[in-house]
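Q: The sequence shown begins at -18 in my numbering and counts up by one.
Pasting a structure here, questions to come.
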Amino acid sequence: MDQRKMAGIFAAECGAITEALRWIIGQNRVGTYLVCTDSFSAITALGKRKTKCRWKDEINILHNQAECNGTEIIYMWVKSHVGIAGNEKADEEAKQSLNDRNIWDRSVDFKEFRTVIKKRAVWRWNAEWSGKVGNKLREVKNSVLPYRDVFVGSRKEDVILTRLRIGHTLLTHQYLLEKDSAPRCTRCNLALTVKHILAECPEFEEQRRRAGVPSNVREALADDRDMAKNVLKFLKATDMYGKV
-18 MDQRKMAGIF
-8 AAECGAITEA
2 LRWIIGQNRV
12 GTYLVCTDSF
22 SAITALGKRK
32 TKCRWKDEIN
42 ILHNQAECNG
52 TEIIYMWVKS
62 HVGIAGNEKA
72 DEEAKQSLND
82 RNIWDRSVDF
92 KEFRTVIKKR
102 AVWRWNAEWS
112 GKVGNKLREV
122 KNSVLPYRDV
132 FVGSRKEDVI
142 LTRLRIGHTL
152 LTHQYLLEKD
162 SAPRCTRCNL
172 ALTVKHILAE
182 CPEFEEQRRR
192 AGVPSNVREA
202 LADDRDMAKN
212 VLKFLKATDM
222 YGKV
């Protein structure tokens, strides 16, 4: 496996700093050197006293070695993609080196492997999820990424929203517990589902309009604080708040 592809951006940026320090030490010249990087995370890590990072340890060793030789090294963060000539040239050189298999000769830390593997696993999972057809959960959520915790309500309200999103509520699925027939909409004579209640049934069209609930179940149950409040308002207006 090509370890360069498994190395994260942070590791690559820190690796570049270590190579710069090795070059400085190899010059055997006393003086002051300025090491510039557009990686804010790398600069931040260098400034922290306590951080578990093998790259920082390696950089500190090289930095101390240079200081023992009478060399002063200053680190500076530069903003990327703003037209700074040196930074643009460095980015171009980095892109050209992608096909050089000899450019990366160091092992990758297990944490970097874990991060990359996790991202790839989520990407493949999401691709598989996006291809599903006829799945009621897929109609509500287009991604496997978790909902952000944007709605800060009572536990009861959080439970209600979760039940709506998975499509299992007392109103629509209590028949399973009672070993009865699946409920049907008294107005439309269609299966009573969360999607039908929130987006389709004409019986509640006016209540949806007043509460600000769109006629699209994915939009209605989106990861949005204001929309969550609108849905709860709609449930109360239709006397279904306590039946979910």
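Built from N, CA and C at the ideal position, the CB exists for glycine as well.
Please specify which runs of the alpha helix (DSSP H), each continuous and at least 4 residues long, are wholly inside the region 109 to 174, giving them in chain order.
A: Entirely contained in the region 109 to 174, the alpha helix (DSSP H) runs reaching 4 residues are, in chain order, 117 to 121, 136 to 147, 151 to 159.
Q: According to DSSP, which residues form a beta bridge with residue 58?
A: Stepping through the sequence shown from its first residue, residue 58 is reached at position 77. DSSP lists 18 as partners of residue 58.
Q: With 16 as the cutoff for other CB atoms within 10 Å, does residue 189 come out buried or exposed?
A: Locating residue 189 in the sequence shown gives position 208, where the first residue counts as 1. Residue 189 is buried by the Cβ-count criterion.
Q: Where does residue 52 sit, in a helix, a strand or coil, going by DSSP?
A: Taking the sequence shown and counting its residues from 1, one reaches residue 52 at position 71. Of the three classes helix, strand and coil, the one that applies to residue 52 here is coil, per DSSP.
Q: Can you pull the DSSP bridge partners for residue 13?
A: For this step, residue 13 is matched to residue 32 along the sequence shown. Residue 13 pairs with 53.
Q: Drop a sphere of 10 angstroms on the beta-carbon of residue 98, count the other beta-carbons inside from all chains shown, and report buried for 16 or more, exposed for fewer.
A: Residue 98 sits at position 117 when you count from the first residue of the sequence shown. Exposed, because fewer than 16 other Cβ atoms sit within 10 Å of the Cβ of residue 98.
Q: Three or more beta-carbon pairs under 8 Å between the region 212 to 220 and the region 152 to 164, yes or no?
A: With a cut-off of 8 Å, the region 152 to 164 and the region 212 to 220 do not count as touching, because too few Cβ pairs lie within range.
Q: If you run the structure through DSSP and keep just helix, strand and coil, what is residue 43?
A: The residue you call residue 43 lines up with position 62 of the sequence shown. Note: residue 43 maps to helix in three-state DSSP.
Q: So, is residue 36 buried or exposed, given that buried needs 16 or more other C-beta atoms within 10 angstroms?
A: Along the sequence shown, read from residue 1 onward, the residue named residue 36 stands at position 55. Buried.
Q: Roughly how many angstroms separate the alpha carbons of residue -9 and residue 194, rounded to a whole number?
A: On the sequence shown, position 10 is the one that residue -9 refers to. On the sequence shown, position 213 is the one that residue 194 refers to. Whole-angstrom Cα-Cα distance: 43 Å.
Q: Taking the beta carbon of residue 29 as the centre, do at least 16 other beta carbons fall within 10 Å, making it buried, or is it exposed?
A: Translated into positions along the sequence shown, residue 29 becomes position 48. Classification of residue 29: exposed, given that the 10 Å Cβ count is below 16.
Q: Can you tell me which of 53, 41, 187, 186 puts its alpha carbon nearest to the alpha carbon of residue -4?
A: In the sequence shown, counting from the first residue as 1, residue -4 sits at position 15. Checking every option, the nearest Cα to that of residue -4 belongs to 41.
Q: Of all the options 144, 44, 23, which has the alpha carbon lying nearest to the alpha carbon of residue 4?
A: Locating residue 4 in the sequence shown gives position 23, counting from the first residue. Comparing Cα positions, the closest option is 44.
Q: According to DSSP, is residue 212 part of a helix, a strand, or is it coil?
A: Translated into the one-based positions of the sequence shown, residue 212 becomes position 231. Helix, per DSSP.
Q: Hey, residue 165 and residue 173 are a contact pair by Cβ (cut 8 Å); roughly how many whole angstroms apart?
A: If you number the sequence shown from 1, residue 165 lands on position 184. If you number the sequence shown from 1, residue 173 lands on position 192. Their Cβ separation, rounded to whole angstroms, is 6 Å, which keeps residue 165 and residue 173 in contact under 8 Å.
Q: Quick test of the definition: if touching needs 3 or more C-beta pairs under 8 Å, does the region 137 to 151 touch the region 99 to 116?
A: No, the region 137 to 151 is not in contact with the region 99 to 116.
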